[in-house]
Amino acid sequence: MRKTYSLLTTLIFYFFSNDAFCIELPQGLTYSSMSFDGISIAHILDIDPQFFNIIPGQSENFQLEHVASIAKRHHAIAAVNGGFFTVWGDYGDLPLGILKIAGDWRATPTKSTAAIGWSNSSNKVLFDEVTTSIEGTIRKHVFTIDGINTPCERNQVILYNWFYRKSTETKRLGIEFIIQAEKVLRINSCNSPLKHSEMVISVGRKKCNQFLHCKKGYDFNWKIEVRGQSTSPDEWAQVSHIMGAGPLLICNGQSIIDLSTLFSFYPLSLGHLQKARTAVGILSNGHWVFVVVDGQRNLNIKGNFGITLLEFADLMLQIGCVHAINFDGGGSSIMLINDMIVSTPCGELKDPDTGHILRKVSDAILVIPK
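Reading the sequence shown from the start, the letters are residues 1 to 370 in the working numbering.
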């Protein structure tokens with residue numbers, strides 16, 4: 001049952017384009033901002049989990065979506081953008097890294113990645129570098145599953161569920177096992193439809209010979225293990241939500257920047273550039289904190305303004321974080337409160353209603369009143 005908060009509120013006076021806006025926040029949310037270098041602005045949202053649930057939200061209809069739209073669909077009071085996503089070709093809308101929402105797996109990483117994991121029923125929040133391993137079994141045939149909801153190459157086995165798209169969209173002939181109620185329901189060659197009650201095991205052409213004996217009606221089961229550098233698979237198995245991005249910024253109150261943990265598509269040099277940034281952290285009192293640093297080009301000042309990843313880690317320490325993780329930045333960075341964009345995003349498309357320059361993303365992290 002959702003509670004209504006009318007007392008102990010916080011007021012935000014936010015100025016944009018010479019207009020003043022007042023945002024009234026319920027108990028448990030505190031917004032502040034700070035300016036540094038006389039140019040850049042950091043937007044900071046303190047969230048008391050006693051009053052709010054924190055959940056990931058993914059874009060809808062198999063395509064990228066504005067954070068404001070994701071937030072509105074989930075009735076979120078606040079939101080920031082989430083992790084990295086693909087931006088090229090026919091698959092320019094898929095989350096990169098690891099993503100689990102309410103126990104449902106949406107994506108797994110191809111390499112070690114920074115991740116945050118949590119359940120709203122517990123105060124424990126995990127931060128770590130993680131890898132995943134997935135194992136499937138059809139009757140007695142045990143095999144490795146190379147990923148979840150990602151294009152299947154000829155030498156791979158991929159698990160698909162209805163959170164991917166309307167079909168597996170596989171174009172090369174292989175073998176696809178449609179699974180329902182832990183049994184092989186039917187067998188296709190490619191491009192199998194994805195339905196709510198089913199999953200599909202897609203086998204690339206180079207591995208088909210290993211599965212020729214698998215038949216309709218055979219039992220199927222699978223398991224996934226998330227292993228951290230300092231956290232156990234059991235701990236990760238117990239959390240409802242997992243989001244990946246990177247790098248980790250803060251661990252146990254210390255800066256631990258390691259640019260080698262960034263995805264291969266993300267040039268290391270970008271970590272040293274001043275750019276818009278988004279991060280999520282945990283304070284010593286157990287509160288969550290969302291931080292977005294503006295990075296829009298200022299026409300009156302030569303160059304861009306923003307913050308490097310090393311500077312971002314220092315900022316998160318200054319705010320009081322004991323743990324923190326960097327999310328997608330640049331044109332993706334955005335913070336919304338009460339349906340209002342309080343940061344200054346620097347995406348690609350101008351919103352005619354607000355004048356902001358926005359970017360559509362794959363997922364976001366949302367604040368929902370309990």
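We treat Cβ as the ideally placed atom computed from N, Cα and C, and that holds for glycine. Only a predicted model underlies this, so the values are computations on that prediction, with no experimental measurement involved.
In the structure shown, His-272 adopts helical secondary structure according to DSSP, grouped into three states.
Taking a 10 Å sphere around the C-beta of Phe-127, we find 16 or more other C-beta atoms and assign the residue as buried. Inter-residue distance for Cys-251 and Ile-242 is about 17 Å (C-alpha atoms, whole angstroms).
Between the alpha carbons of Leu-185 and Val-142 lies a distance of about 18 Å. Counting only residues of its own chain and dropping the five nearest sequence neighbours on each side, Thr-137 has a CB closer than 6 Å to the CB of Asn-221. DSSP, read as helix, strand or coil, puts Leu-249 in strand. The alpha-carbon separation between Glu-225 and Thr-231 amounts to approximately 12 Å.
Separation of the CB atoms of Lys-72 and Asp-339 is rounded to 7 Å, and the pair is thereby assigned contact status at 8 Å.
Excluding its 5 nearest sequence neighbours in each direction, Arg-227 has C-beta neighbours in its own chain below 6 Å: Thr-131, Pro-233, listed in chain order.
Nearest neighbour of Trp-236 by Cα position, chosen from Ser-40, Leu-99, Gln-50, turns out to be Leu-99. Here Gly-97 really is in contact with Thr-113; their C-beta atoms are around 5 Å apart, less than 8 Å.
Distance from the CA of Gly-329 to the CA of Ile-134, rounded to the nearest whole angstrom, comes to 29 Å. Under the DSSP definition of a beta bridge, Ala-237 lacks any partner. Contact between the region 188-206 and the region 159-175 is present: 3 or more CB-CB pairs across the two stretches fall below 8 Å. The beta carbon of Ile-47 sits closer than 8 Å to those of Gly-28, Leu-29, Ile-54, Ala-78, His-287, Trp-288, Val-289, Phe-290, Val-367, all from its chain and outside the five residues before and after it, given in chain order. Following the DSSP letters along the chain, one finds Leu-96 in no beta strand (DSSP E), marked with neither H nor E. For the pair Asn-61 and Lys-166, the Cα-to-Cα distance works out to about 9 Å. A direct Cα-to-Cα measurement between Tyr-31 and Cys-190 gives close to 50 Å. Counting only residues of its own chain and dropping the five nearest sequence neighbours on each side, Lys-216 has a CB closer than 8 Å to the CB of Val-184, Leu-185, Arg-186, Ile-187. Rounded to the nearest whole angstrom, the CA to CA distance from Glu-311 to Ile-201 is 44 Å. The Cβ-Cβ distance between Ala-245 and Ala-115 falls below 9 Å.
Our two residues, Tyr-164 and Thr-144, have alpha carbons roughly 20 Å apart in a direct line. In this chain, the alpha helix (DSSP H) harbouring Gln-318 covers 309-319. Per DSSP, Ile-257 lies in no beta strand (DSSP E) and is assigned neither H nor E.
In this structure, Gly-83 sits away from Asp-351, with a CB-CB distance that is not shorter than 9 Å. With fewer than 16 other beta carbons inside 10 angstroms of its own, Asp-219 counts as exposed. Beyond the five residues adjoining it in sequence on each side, Ser-35 comes within less than 7 Å, by CB distance, of Ile-41 in the same chain, given in chain order. By the Cβ neighbour-count rule, Gly-253 is exposed, with fewer than 16 other Cβ atoms within 10 Å of its own.
In the assembly as shown, Leu-349 is an exposed residue. Its beta-carbon has fewer than 16 other beta-carbons within 10 Å.
For Cys-214 against Arg-106, the beta-carbon gap comes to about 26 Å, at or over 8 Å, which does not count as contact. Boundaries cannot be given for Arg-165, as no beta strand (DSSP E) includes it and DSSP labels it neither H nor E.
Beta bridge pairing from DSSP links Arg-277 with Val-293.
Approximately 7 Å separates the beta-carbon atoms of Pro-369 and Pro-26; this is inside 8 Å, confirming the contact.
In summary, Lys-275 is buried, with 16 or more beta-carbon neighbours lying within 10 Å of its beta-carbon over all protein chains present. Taking 8 Å as the upper bound for CB-CB distance, Gln-229 and Glu-129 are in contact here, some 5 Å apart.
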